[in-house]
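Going by my numbering, 401 is the number at position 417 of the sequence shown; the sequence numbering is gapless.
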Amino acid sequence: FLDHVTINSKETGGNTQLAECLYESQKFFYEEIFSGLENDIHDFKIGKARQLGISVACRPLMLFWIGWHPGMQGAMVYDTGEHKDEARGEIEWVIDNLPKHIRFPKKISCNRNMLKLDNGSNIRFMSAGVKKSRAAGTLGRSSGINLVHASEMCSWENQEGISAFTNSLAENFPDRLYIWESTARGFNEWFNMWSEAQNDTTHQKAIFIGWGRKEIYSIPRDHRDFEKYGLDAPTETETKRIKTVKEKYGYDIAPEQLAWWRKKIDPSGMREDGEPEDSFKIEDFPWDEEEMFLATGSKFFDVEKLTENIRKAATTKYQSYRFWPGSDFLTCSIAKAQTWRDVNLKIWEDADPSSVYVIAADPAFGHDPNNDRSACQVLKCYADGIEQVAEFADATVTTDQFAWLILALAGRYSGCTEGWNNPVHMILEINGPGEAVWNAIKAVKAVVNDGYLKMQAKDMGLGNIFQNV
-15 FLDHVTINSK
-5 ETGGNTQLAE
5 CLYESQKFFY
15 EEIFSGLEND
25 IHDFKIGKAR
35 QLGISVACRP
45 LMLFWIGWHP
55 GMQGAMVYDT
65 GEHKDEARGE
75 IEWVIDNLPK
85 HIRFPKKISC
95 NRNMLKLDNG
105 SNIRFMSAGV
115 KKSRAAGTLG
125 RSSGINLVHA
135 SEMCSWENQE
145 GISAFTNSLA
155 ENFPDRLYIW
165 ESTARGFNEW
175 FNMWSEAQND
185 TTHQKAIFIG
195 WGRKEIYSIP
205 RDHRDFEKYG
215 LDAPTETETK
225 RIKTVKEKYG
235 YDIAPEQLAW
245 WRKKIDPSGM
255 REDGEPEDSF
265 KIEDFPWDEE
275 EMFLATGSKF
285 FDVEKLTENI
295 RKAATTKYQS
305 YRFWPGSDFL
315 TCSIAKAQTW
325 RDVNLKIWED
335 ADPSSVYVIA
345 ADPAFGHDPN
355 NDRSACQVLK
365 CYADGIEQVA
375 EFADATVTTD
385 QFAWLILALA
395 GRYSGCTEGW
405 NNPVHMILEI
415 NGPGEAVWNA
425 IKAVKAVVND
435 GYLKMQAKDM
445 GLGNIFQNV
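So, in structure tokens, the structure goes:
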């Protein structure tokens, strides 16, 4: 089929016959997909480096699949409307330029939302969106889907949309095929999906495609850049990575490829081995799947150590709660969340006697005018470090209600109702709405200690909530 597919390639220009210019990364992708199908696996998670041509390889595969299997109900889902339109245009170009003698099913219609063939198959073109919205949960609803290409999962910010979409997928249809592919961007929902695929090898297949599988990612020895980037022997870190690639994936990294990678990551060539690397670039061009999800953005801490700790934290279980603000501080409540949508308070560890805590809070639009959530974290303090034991985030609480939440956590972790009297230190971002939150905290202190709520607070065991705060 690929012998008859032509595309407009970034590297080779227009009317490029796809079969003749496949990268090794694309060949490996096809091999792994059909190898999985032979083992009755229909759900594939593809973790990859940037610009390997995997999205391009998926599009003719989707078209082939609906042409070969009548009655398929497909969906191609992209992070943005722009990428959706780009994919739809490429699909339409391919089908319009297929030769008649291969007798591919005829196109009945193709618009911005759907392609229909005369064999009863169709493909919907969708965009998941990169923001949470009211329409997030409508993705895939009222649609039975048995063929999926979902691209750039790292940019899908709406968990509800992902859940709604996966719930619409067929589970037993023999010709079903689901391909989810993405680069990484930190520890997000794509990390959870990738981890699930790694653990569920009976029904899913996690496929990593590193930068080393794209052969044009190299600098020829006769190129002037090879003298700058390719002549030095591999450093200790590079040697370790080359060995890891060989052991895990069975291929070698040539000196020409190493030279390209050095130029990509450190164009100046000034970085010494052991100095911090640009974690964003490493995440875009990982050597192995462990480097795909990194703690990016830090200039002060070692990326490997940060990533190792974040991986541990990402899999640590927490208790899910909902903070319900009342008419005043004493009528507020915190209860177990009934659904994941209700969760605005996560607790990893409850109050512990003889401990010291810090409660740090930042009201919405306080530190950053673009941040629309009030956030708070509880930190358990040791002589040589701190550990987060609880966090709160919500976009709907008022400044008064946020103050009540902070005090509720202060009361809980100070242990005043248990008679522990743990020291609790409070940090509040005072800019913007922070001043109103601080005034609300002082107002609660006044009415609890000396005002109309004094007796009620004493009866509830909250009379000395401010004793150690």
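Quick reminder that beta carbons are idealized off the backbone N, C-alpha and C, glycines included.
None of these values were measured; they are calculated from a predicted model.
According to the DSSP assignment, Gln322 belongs to no beta strand (DSSP E), since it is labelled neither H nor E. Annotated three-state conformation of Trp195 is helix, per DSSP.
In this structure, Ala181 keeps its C-beta atom at 9 Å or more from the C-beta atom of Met276. The beta carbon of Leu412 is closer than 7 Å to those of Ala345, Gly418, Val421 and Trp422 in its chain, skipping five residues each way along the sequence. Between the beta-carbon of Arg246 and that of Leu36 there is about 19 Å, and that puts the pair past the 8 Å contact cut. With a cutoff of 9 Å on beta-carbon distance, Cys316 and Trp388 are scored as near each other.
Each residue's CA atom was taken as its position, placing Gly55 and Lys232 some 39 Å apart.
Taking the CA atoms as reference points, Asn405 sits about 11 Å from Ala335. Per DSSP, the continuous alpha helix (DSSP H) segment holding Glu211 begins and ends at Arg208 to Tyr213. In this structure Ile79 touches Leu47 by the C-beta definition: roughly 6 Å separates them, less than 8 Å. Per DSSP, the beta-bridge partners of Trp164 are Lys29 and Ala134.
Look at the beta carbons and you see the segment 155 to 168 touching the segment 22 to 31: at least three pairs across the two are nearer than 8 Å. Within the same chain, Cβ atoms closer than 6 Å to the Cβ of Ala134 are found at Val61 and Trp164, the five residues on either side in sequence being excluded.
Nearest to Gly104 by alpha-carbon distance, out of Trp52, Glu66, Arg306 and Leu2, is Trp52. For Phe313, the closest alpha carbon among the candidates Ala394, Asp250 and Tyr302 is that of Ala394. The Cβ atoms of Ala392 and Ile331 do not sit closer than 9 Å to each other.
Contact annotation: Val132 and Gly58 have beta-carbon atoms nearer than 9 Å. For Thr219, the closest of His207, Arg255, Asp236 and Trp195 by C-alpha to C-alpha distance is Arg255. The distance from the Cβ of Arg357 to that of Ala377 is about 5 Å, consistent with a contact at the 8 Å cut-off. Note that the segment 190 to 204 touches the segment 7 to 18; at least 3 beta-carbon pairs, one per stretch, sit closer than 8 Å.
Excluding residues up to 5 positions away in sequence, Met137, Cys138 and Ser166 lie with their Cβ nearer than 6 Å to the Cβ of Trp174 in the same chain. The Cβ atoms of Pro44 and Leu(-14) lie closer than 9 Å to each other.
Rounded to whole angstroms, the gap between the alpha carbons of Asp206 and Ile193 is 28 Å. Under the three-state reduction of DSSP, Cys42 is assigned to helix. For Arg96 against Asp69, the beta-carbon gap comes to about 7 Å, under 8 Å, which counts as contact. Phe264 counts as exposed, since fewer than 16 other C-beta atoms from the protein chains shown sit within 10 angstroms of its C-beta.
Relative to Gly214, the option among Lys224, Ala243 and Ile191 whose CA is nearest is Ala243. Per DSSP, Ile390 is one residue of the alpha helix (DSSP H) stretching across Thr383 to Ser398. Under a 10 Å Cβ-count criterion, Ala3 is classified as exposed, with fewer than 16 other Cβ atoms of the shown protein chains found around its own Cβ.
For the pair Ala379 and Ala348, the CB atoms are nearer than the 9 Å cut-off. By the Cβ-count criterion, Ala424 is buried, with 16 or more other Cβ atoms from all chains shown falling within 10 Å of its own Cβ.
Residue state for Leu36 is assigned as coil, using DSSP reduced to three classes.
In the structure shown, Trp308 falls within a strand segment according to DSSP collapsed to helix, strand and coil. Residue range Gly418 to Asn433 is occupied by the alpha helix (DSSP H) that includes Asn423.
Per DSSP, reduced to three states, the secondary structure at Val(-11) is coil, with no helix or strand assignment.
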